[in-house]
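Have a look at the structure below, then the notes.
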Amino acid sequence: MMKKKMTLKEWFDATLPRGMTKTAYAKFLADKSGGKIGMSTILNTLKGHRLTGYAKGKAISDLTGGKVPLTEIVE
Numbered sequence: 002m003m004k005k006k007m008t009l010k011e012w013f014d015a016t017l018p019r020g021m022t023k024t025a026y027a028k029f030l031a032d033k034s035g036g037k038i039g040m041s042t043i044l045n046t047l048k049g050h051r052l053t054g055y056a057k058g059k060a061i062s063d064l065t066g067g068k069v070p071l072t073e074i075v076e
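In this text, residue positions in the sequence shown follow the numbering used here: the first is 2, and each later residue adds one.
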């Protein structure tokens with residue numbers, strides 16, 4: 002069975018804990034990344050901005066467990 006590729010926004014909305022704001026969840030994910038990516042990077046990427054840095058894109062892709070491919074995040 003092929004894994005369906007998701008956009009970051011789809012993944013974020015699907016995993017957002019009930020009762021938690023998007024900003025708080027972005028901060029949680031930024032902390033979980035160990036400082037590789039910031040909260041604003043996650044929020045901007047959710048708005049549709051593409052990242053230019055491979056390392057940040059890889060960090061976000063790793064946070065999603067590989068569900069969001071790098072091609073969806075990095076230009």
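Beta carbons are placed, not taken as given, at the ideal position from N, Cα and C, and that holds for glycine.
Cβ-based burial, residue i [other Cβ within 10 Å; buried from 16]
i	result
glycine 35	exposed
tyrosine 66	Sequence check: residue 66 is glycine here, not tyrosine. Glycine 66 comes out exposed.
alanine 25	exposed
glycine 60	At residue 60 the sequence reads alanine, which differs from the glycine that was named. Flag for alanine 60 reads buried.
threonine 22	exposed
C-alpha distance - residue i paired with residue j, whole-angstrom precision
i	j	result
tryptophan 12	leucine 52	17 Å
threonine 68	serine 62	Strictly speaking, residue 68 in this sequence is lysine, with threonine absent from that position. Spanning the two alpha carbons is a distance of roughly 7 Å.
glycine 39	leucine 30	9 Å
glutamate 76	leucine 17	25 Å
For residue i: DSSP bridge partner residues
i	result
leucine 52	Val75
Residue i CB to nearest heavy atom of the ligand COA below 8 Å
i	result
leucine 71	Of ligands this structure carries none, so the ligand COA is not represented either.
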